[in-house]
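According to this note's numbering, the sequence shown is numbered sequentially starting from 1.
Every residue, glycine too, gets a C-beta built ideally from N, C-alpha and C.
Since the structure comes first, as structure tokens, the remarks are kept for the end.
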Amino acid sequence: MRKLVQLIQELCPDGVTFTPLWKVTIWDKRFNAVGREKQPKVINYPYLLAVELFALEQENGDVFLLSTGEQTGWTTEKLAEDNLREGEIVAIPWGKSRPVAEVMKYYKGKFVTADNRIATSADTNILLNKYLYYWLLTQGKTIDGFYRGSGIKHPSMKDVLDLRIPLPPLPVQSEIVRILDNFAELTAELTAELTAELTARKKQYEYYRDELLMTEDNVIWMELGDIGKVSMCKRIMKAETSTAGDVPFYKIGTFGGIANAYISQETFEKYKATYSYPKKGDILISAAGTIGRTVIFDGEPAYFQDSNIVWIDNDESLVLNKYLFYCYQLQPWQVSTGGTIARLYNDNISKAKIPVPPLEEQERIVSILDRFDALCNDITSGLSAEIEARQKQYEYYRDRLLTFKQIS
Numbered sequence: 001m002r003k004l005v006q007l008i009q010e011l012c013p014d015g016v017t018f019t020p021l022w023k024v025t026i027w028d029k030r031f032n033a034v035g036r037e038k039q040p041k042v043i044n045y046p047y048l049l050a051v052e053l054f055a056l057e058q059e060n061g062d063v064f065l066l067s068t069g070e071q072t073g074w075t076t077e078k079l080a081e082d083n084l085r086e087g088e089i090v091a092i093p094w095g096k097s098r099p100v101a102e103v104m105k106y107y108k109g110k111f112v113t114a115d116n117r118i119a120t121s122a123d124t125n126i127l128l129n130k131y132l133y134y135w136l137l138t139q140g141k142t143i144d145g146f147y148r149g150s151g152i153k154h155p156s157m158k159d160v161l162d163l164r165i166p167l168p169p170l171p172v173q174s175e176i177v178r179i180l181d182n183f184a185e186l187t188a189e190l191t192a193e194l195t196a197e198l199t200a201r202k203k204q205y206e207y208y209r210d211e212l213l214m215t216e217d218n219v220i221w222m223e224l225g226d227i228g229k230v231s232m233c234k235r236i237m238k239a240e241t242s243t244a245g246d247v248p249f250y251k252i253g254t255f256g257g258i259a260n261a262y263i264s265q266e267t268f269e270k271y272k273a274t275y276s277y278p279k280k281g282d283i284l285i286s287a288a289g290t291i292g293r294t295v296i297f298d299g300e301p302a303y304f305q306d307s308n309i310v311w312i313d314n315d316e317s318l319v320l321n322k323y324l325f326y327c328y329q330l331q332p333w334q335v336s337t338g339g340t341i342a343r344l345y346n347d348n349i350s351k352a353k354i355p356v357p358p359l360e361e362q363e364r365i366v367s368i369l370d371r372f373d374a375l376c377n378d379i380t381s382g383l384s385a386e387i388e389a390r391q392k393q394y395e396y397y398r399d400r401l402l403t404f405k406q407i408s
């Protein structure tokens, strides 16, 4: 950092020039509402659909697959054929579903691209491509605001090209790139180490859980249908829901998350009193979508989509609900796939078997797994917070390094 401060004091103590992006970059195509004088030159690339791009994927390839999302891969020159290109580029996705800073890419070498908008420096004696990349990352939220349209959104490239980039002298750009490269590498290494630790802790938890639940000592195997009846809420019609209301209505897409539909208090009270409704502590199961997900019902007013979210009506005389919860995590559900959508039917659930020890042993197992689960969650939260903190620290210093005083 000391070297950077010295360079700035020597080469640009009064500030730097801010230049429109179109003056110092070349892009992959001519854009609507952008005059030819702002794009005197373009570099065309062949674009592949995502499915076409990853159909080329090959282990040990040396040609980068430049996707529009987080997924990346490699292929070979032979497979790339006429789609192969080479250069030092910065890419932002043409259509996106995530913040652009999370999927923006810098690459130098041979590549095949999906439908990205690709930029390169018009003159690397004025603008380094890696400096351009880091600066564009600082503009991520601004660029996100340029994406418009219904459905898949696309950026207004006129607005992107009109962004004004600070252009310090080349030695300053080089030093900023060096610092940020080192910082990014250290952040990536630490994140990888913490992620590996997180994975190890989860595997440790799963090992002890499996050992405790799969013991053959003093257990009988019971069908879930012998423990309780598979139950579900009354069907809710679309006309009975609203986007705001009294009682959250969870569909399969929002199960375990935040509801985006509601029913009235009157409807809730009527259906709760008349039809099946879970008790506090019952284990809700997803029977469609991601099959077998479980949520312990907390007893708060809520309603659940019939047939897609079900539970065993269990009085806990034979099996504790919390023991059921842990057993469900290991259950190899027999899924019916005869229709267009795979689902878990009531009969599949009723005939599923679990090992049932005496209630005292169930309590002991639940107590151990609860403590272990709490410990793992504490560790997970701590590691996740550390990863997030490191990323924010990196972004803070990146933004500070790329903030300049403008020459008046």
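Under the 10 Å beta carbon count, TRP221 is surrounded by fewer than 16 other beta carbons and is classified as exposed. By the 16-neighbour rule on beta-carbons within 10 angstroms, ILE152 is exposed. Every beta strand (DSSP E) of 3 residues or more that sits fully in the stretch 113 to 192 is shown, in chain order, as 116 to 121, 164 to 167.
Among the bridge pairs identified by DSSP, PHE54 is matched with none.
Taken atom to atom, the span from the alpha-carbon of LYS202 to that of LEU383 is near 12 Å.
For LYS405, same chain residues with a beta-carbon under 6 Å away, outside a window of 5 residues either side, are GLY15 in chain order. Under the three-state reduction of DSSP output, THR290 falls in the coil class, being neither helix nor strand. LYS251 and GLN329 have their C-alpha atoms some 21 Å from each other. One alpha carbon belongs to LYS41, the other to PHE249, and they sit about 55 Å apart. Taking C-alpha positions only, VAL160 is separated from ARG390 by approximately 29 Å. LEU66 has THR113 as its beta-bridge partners, per DSSP. TRP22 sits close to LYS38, with the two beta carbons spaced by under 8 Å. In the assembly as shown, GLU185 is an exposed residue. Its beta-carbon has fewer than 16 other beta-carbons within 10 Å. Taking the Cα positions, GLU361 is about 28 Å away from ASP347.
In this chain, the alpha helix (DSSP H) harbouring ALA385 covers 359 to 401. By the criterion of a C-beta distance shorter than 6 Å, PRO46 is surrounded in its chain by ASN83, once the five residues flanking it on both sides are discounted. For ARG85, the enclosing beta strand (DSSP E) covers residues 85 to 93. Annotation: the continuous alpha helix (DSSP H) that includes ILE349 extends over 346 to 351.
Going by DSSP, GLU81 is part of no beta strand (DSSP E) at all; its letter is neither H nor E. In the structure shown, VAL247 falls within a strand segment according to DSSP collapsed to helix, strand and coil. With contacts defined by Cβ atoms closer than 8 Å, VAL319 and VAL295 do not form a contacting pair.
Classified as buried, ASN321 has 16 or more neighbouring CB atoms from the shown chains inside 10 Å of its CB. Residue PRO358 holds the alpha-carbon nearest to the alpha-carbon of GLU216 among ARG398, CYS233, LYS234, PRO358. The alpha-carbon separation between LEU344 and ILE283 amounts to approximately 15 Å.
ASP226 carries a helical assignment under DSSP once its states are collapsed to helix, strand and coil.
The alpha-carbon of PRO93 is positioned some 23 Å away from that of GLU81.
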